[in-house]
Structure formats: structure tokens, C-alpha cells
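Top line first, the protein sequences correspond to chains V and X. Sequence positions in the first sequence follow the numbering used here and run 44 to 203. Sequence positions in the second sequence follow the numbering used here and run 3 to 166. Cβ coordinates follow ideal geometry from the N, Cα and C atoms, glycine included. It should be emphasised that the depicted structure is a prediction, and the values quoted were computed from it without experimental measurement.
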Amino acid sequence: MSTLTFTRSKVVGVECPDKKTFLAHGILDDYIYALELDVEAKLPDLEITNIQGRWKRFTTTECPKSIPKLQNAVGLRILEEEFGRKVHRVVGKEGCTHFANLLVECCDAIVQAATYGEWQELKEKGIAPGKEEYLEEKFKAIPGLQNSCMVYSRFARRGK
Amino acid sequence: MVLSYTRNKYATTTDLADGSLLVQAVLKDTFFAGTVEMKVSVPELEIASLTGKVERAFNSECQEAVPLLQKAVGLQIGTGILKAVNGLVGGSGGCPRLADLILECIDEVVLRFTLPSIGEKQSKNEQEQIEAYRELIRQHPRLIGSCIAFAKDSPLLKGLELEK
Chain V
44 MSTLTFTRSK VVGVECPDKK TFLAHGILDD YIYALELDVE AKLPDLEITN IQGRWKRFTT
104 TECPKSIPKL QNAVGLRILE EEFGRKVHRV VGKEGCTHFA NLLVECCDAI VQAATYGEWQ
164 ELKEKGIAPG KEEYLEEKFK AIPGLQNSCM VYSRFARRGK
Chain X
3 MVLSYTRNKY ATTTDLADGS LLVQAVLKDT FFAGTVEMKV SVPELEIASL TGKVERAFNS
63 ECQEAVPLLQ KAVGLQIGTG ILKAVNGLVG GSGGCPRLAD LILECIDEVV LRFTLPSIGE
123 KQSKNEQEQI EAYRELIRQH PRLIGSCIAF AKDSPLLKGL ELEK
């Protein structure tokens with residue numbers, strides 16, 4: 044019989060208390076680790092303005108010392124180049140790689156909310172523009188979005 | 003306040019009867035739903051097969067990215083895999099969502115093989131645990147500097163002599 048030998052779950056929710064602010068709450072829970080993050084980021088460049096974290100389950104006596112290292116992420120801009128790599132260095136290597144993993148997950152969730160959230164709102168009101176038209180506006184507002192994948196690179200080429 | 007966006011990502015690893023691993027990673031969020039299923043040979047830790055699907059996406063063209071998964075078949079899980087997966091499946095010519103799910107599967111494989119030694123250490127007393135971590139560092143010195151527990155000034159490494 045085949046047996047389950049490892050599982051990991053990550054859950055992130057994003058709230059928008061105002062048009063410029065995103066609050067992400069994320070949890071990571073696997074066979075070894077359990078941890079939690081609250082991250083605040085603000086437009087226009089999605090700068091991380093606040094971060095708090097908590098351990099639920101860890102492996103060594105040193106792991107709790109990674110909590111203060113989360114503050115290294117304050118001031119980082121989610122939309123800047125090499126954001127993920129910076130997080131893995133200043134939060135991961137200097138603190139904990141699992142917190143870095145969850146932080147990248149929370150920040151990616153914030154980018155998704157910032158990119159598509161408005162379209163969902165407009166759709167609910169029945170006034171959503173066409174997807175390409177909507178994306179053209181988002182390409183201007185979110186640096187790097189138009190070269191982020193094969194579909195958007197194609198849109199951008201079509202637009203030229 | 004209601005949520006503007008929600009994401010649920012989970013991955014599972016199953017040890018198969020033939021000794022290989024079957025890893026599944028699933029992402030369901032407000033705007034995207036997709037799955038990647040990876041078979042990994044043991045002990046080579048080579049990606050033997052990959053399948054996946056995009057069930058829901060903002061753009062219908064995202065479906066076209068699924069065949070890109072095949073580019074990662076044959077890669078060996080180890081140093082350089084992150085860059086290889088992002089280069090072959092992610093990036094501006096690929097799909098970062100699917101690349102991310104492959105990387106989630108790879109994390110699972112690493113953690114699945116880490117789990118037994120962690121469980122073993124936790125059954126020991128504090129001093130024995132410290133010695134067990136020192137032994138881990140002796141065997142895998144590149145862990146030094148990988149996190150705060152294995153920082154050069156960490157009490158876990160105090161007095162540790164490494165073979166040159």
C-alpha cells in the first residue's frame with residue numbers, strides 16, 4: 044500500500060482596508076513546521092510597511108530568534124527586481140527559510156490582489172472593461188507585469 | 003471586512019510501492035486554479051514524469067503553458083534546480099504559476115527526506131539534540147549560514163570543528 048509521507052499547506056487571505064493598502068495573513072503548516080505571518084504593503088510600489096510573525100512549531104532552540112529578522116523585510120518593495128531573492132537573503136538566510144517562503148507566498152498573493160482585484164469589483168458592478176483593455180492599464184501601473192509570463196509577453200507584443 | 007483575495011496551496015507526498023515518490027501540488031486562489039503531479043525516482047531524485055492542468059485562470063491562453071511542464075522532466079533535485087525550473091518553465095516565455103507548483107513539489111521531496119531525522123532528534127534530550135545537529139553540520143557543512151540556527155555564531159555550532 045502506498046502511504047502519505049509528507050504534506051504542507053499554505054493559506055493566505057488578503058484584505059484591502061483602503062485603495063492603497065493590502066493586509067495579508069498567511070499560515071504555513073507541514074509535518075515539521077507551523078508558522079504565521081501578517082504583512083502590510085502599500086501602493087504605488089507595494090512597499091512592505093509592517094510585518095509580524097509567530098511560531099507555532101519549530102525544530103531547534105535557535106528558531107525563535109528568527110522572529111526579529113522579519114523586520115529586515117520592512118521597506119522592501121514587492122514590485123522591485125529580485126524581490127524574492129532579497130527576501131530569501133535577509134529573512135531566510137539571516138532568519139528562517141520557512142518564514143521567507145511564507146513571506147514570498149503572502150507577497151505574491153498581494154500582487155495577485157493588486158492586479159486582478161479591481162477587475163473583480165468592476166465585474167460585480169457590471170462595468171468591467173474587456174480583459175485586454177484592463178490589462179493594458181495594469182501593465183502601466185504594475186512594473187514587470189507585462190513581461191511576467193508567456194501570455195502577457197504576447198499581449199505586450201500585440202499592443203506594440 | 004471581507005477578503006479581497008484568498009489562496010489555498012497544498013502539497014502531498016506519497017511513497018509508492020516501487021520506491022518512487024508521487025508528489026502533488028494544488029493551488030486554488032481567487033483567480034487561478036491549477037495542479038502539478040510529479041513522480042520522482044529514488045535514490046536518484048530525478049523528475050521521472052510531470053503532469054498538470056490549469057483549471058481556471060484570468061486568461062484562457064494560460065492553458066497553453068501546460069506542455070511546458072515536460073521541459074523539467076529529467077532534472078535532478080539538487081543544487082541549481084530552482085534556477086533550472088524557473089528558466090525552463092517560468093519567466094517571460096513560460097508560466098510562473100506552474101513553475102512555482104513544480105518548486106512546491108521539490109520542497110516536498112526535500113522535506114519528506116528531512117522529516118525522519120528531525121523526528122529522531124526530537125526524541126532526544128536537549129544536549130543530545132545539539133550534538134545531533136552538530137553531526138548534521140559535519141555531514142553537510144554547506145548548511146552553515148543557511149538560517150539563523152546554523153549561523154556561524156549560533157550556539158549550535160559553538161566549538162564545532164569541521165574536517166577540511
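Beta carbon proximity, K64/V to chain X, threshold 7 angstroms: The sequence shown places Thr at residue 64/V, rather than the Lys named in the question. Interface criterion not met: the Cβ of T64/V is under 7 angstroms from no Cβ in chain X.
Beta-ladder partner(s) of F49/V, from DSSP: F49/V pairs with T15/X.
Local Cβ density within 10 Å of E242/X, reported as buried at 16 or more and exposed below that: This structure cannot speak to residue 242/X, because chain X is shown only from 3 to 166.
Outcome for K112/V when other beta-carbon atoms lying within 10 angstroms are tallied against a minimum of 16: Classification for K112/V: buried.
Cross-strand partners of N10/X (DSSP beta bridge): Under the DSSP definition of a beta bridge, N10/X partners with V54/V and K30/X.
T92/V: first and last residue of the uninterrupted alpha helix (DSSP H) it sits in: In the DSSP assignment, T92/V falls outside any alpha helix (DSSP H) and within the unbroken beta strand (DSSP E) covering E90 to R100.
Residue closest to F65/V, alpha-carbon to alpha-carbon, out of H131/V, E148/V and L89/V: Minimum Cα distance to F65/V is reached at L89/V.
DSSP state of F65/V mapped onto helix, strand, coil: Reduced to three states, the DSSP call for F65/V is strand.
Closest residue to K62/V among L71/V, I75/V, V54/V and K85/V (Cα-Cα distance): Per the Cα distances, K85/V.
Same chain only: Cβ atoms within 7 angstroms of T32/X, ignoring 5 sequence neighbours per side: Cβ neighbours of T32/X beyond the five flanking positions: Y7 and T8.
Helix, strand or coil at C59/V according to DSSP, with G and I counted as helix: C59/V falls in the strand class under three-state DSSP.
Cβ of K11/X within 7 angstroms of any chain V Cβ: Against chain V, the CB of K11/X has a partner CB under 7 angstroms away; the residue lies at that interface.
Local Cβ density within 10 Å of S119/X, reported as buried at 16 or more and exposed below that: With fewer than 16 Cβ atoms within 10 Å of its Cβ, S119/X is classed as exposed.
Beta carbon proximity, I2/X to chain V, threshold 7 angstroms: Because chain X spans 3 through 166 in this model, residue 2/X falls outside it and cannot be assessed.
C-beta contact flag for H141/V and Y76/V at 7 angstroms: For the pair H141/V and Y76/V, the CB atoms are nearer than the 7 angstroms cut-off.
7 angstroms Cβ cutoff, A171/V in contact with chain X: For A171/V, no Cβ of chain X is located within less than 7 angstroms of the residue's own Cβ.
Proximity test, Cβ basis, 7 angstroms: C99/V and chain X: According to the sequence displayed, residue 99/V carries Lys and not Cys. Not one chain X Cβ lies under 7 angstroms of K99/V.
Short-range partners of chain V found in the stretch 72-85 of chain X, where Cβ spacing is below 7 angstroms: From the stretch 72-85 of chain X, no residue has a Cβ closer than 7 angstroms to chain V.
Closer than 8 angstroms at the beta carbon, the chain X residues around T102/V: Neighbours of T102/V on chain X, chain order: I120, K123, Q124 and A151.
Contact belief for A35/X with V42/X at Cβ below 8 angstroms, rounded distance in angstroms: Not confirmed; about 24 angstroms, so no contact.
Length of the line joining the Cα atoms of I121/V and C150/V: Taking the Cα positions, I121/V is about 7 angstroms away from C150/V.
Inter-residue CB distance, L52/X and A74/X (contact presumed, cutoff 8 angstroms): Contact holds; Cβ gap of about 6 angstroms.
Nearest-angstrom Cα separation, counted from C149/X out to C139/V: In this structure, the straight-line span from the alpha carbon of C139/V to that of C149/X is close to 5 angstroms.
Rounded separation between A67/V and E163/X - CA only: Put simply, the backbone Cα of A67/V is about 43 angstroms away from that of E163/X.
Boundaries of the alpha helix (DSSP H) in which S119/X is found, first to last residue: Under the DSSP assignment, S119/X falls in the alpha helix (DSSP H) whose first and last residues are P98 to Q124.
Near-chain X residues of the stretch 55-82 of chain V (beta-carbon distance less than 7 angstroms), N- to C-terminal order: Taking 7 angstroms as the Cβ-Cβ cut-off against chain X, the residues of the stretch 55-82 of chain V that qualify are V55, G56, V57, E58, C59, P60, D73, Y74 and I75.
The beta strand (DSSP E) enclosing E79/V, as first and last residue numbers: First-last of the beta strand (DSSP E) with E79/V: A77 to K85.
Listed by chain order, chain V residues near G96/X by CB distance under 9 angstroms: Under the 9 angstroms cutoff, chain V gives C192 and M193.
The stretch 90-101 of chain V contacting the stretch 116-131 of chain V, beta-carbon criterion three pairs below 8 angstroms: Contact between the stretch 90-101 of chain V and the stretch 116-131 of chain V is present, with at least three C-beta pairs closer than 8 angstroms.
is_contact[K6/X, chain V] using C-beta, thresh 7 angstroms: Per the sequence presented here, residue 6/X reads as Ser, with Lys not at that position. The beta carbon of S6/X sits closer than 7 angstroms to some beta carbon of chain V.
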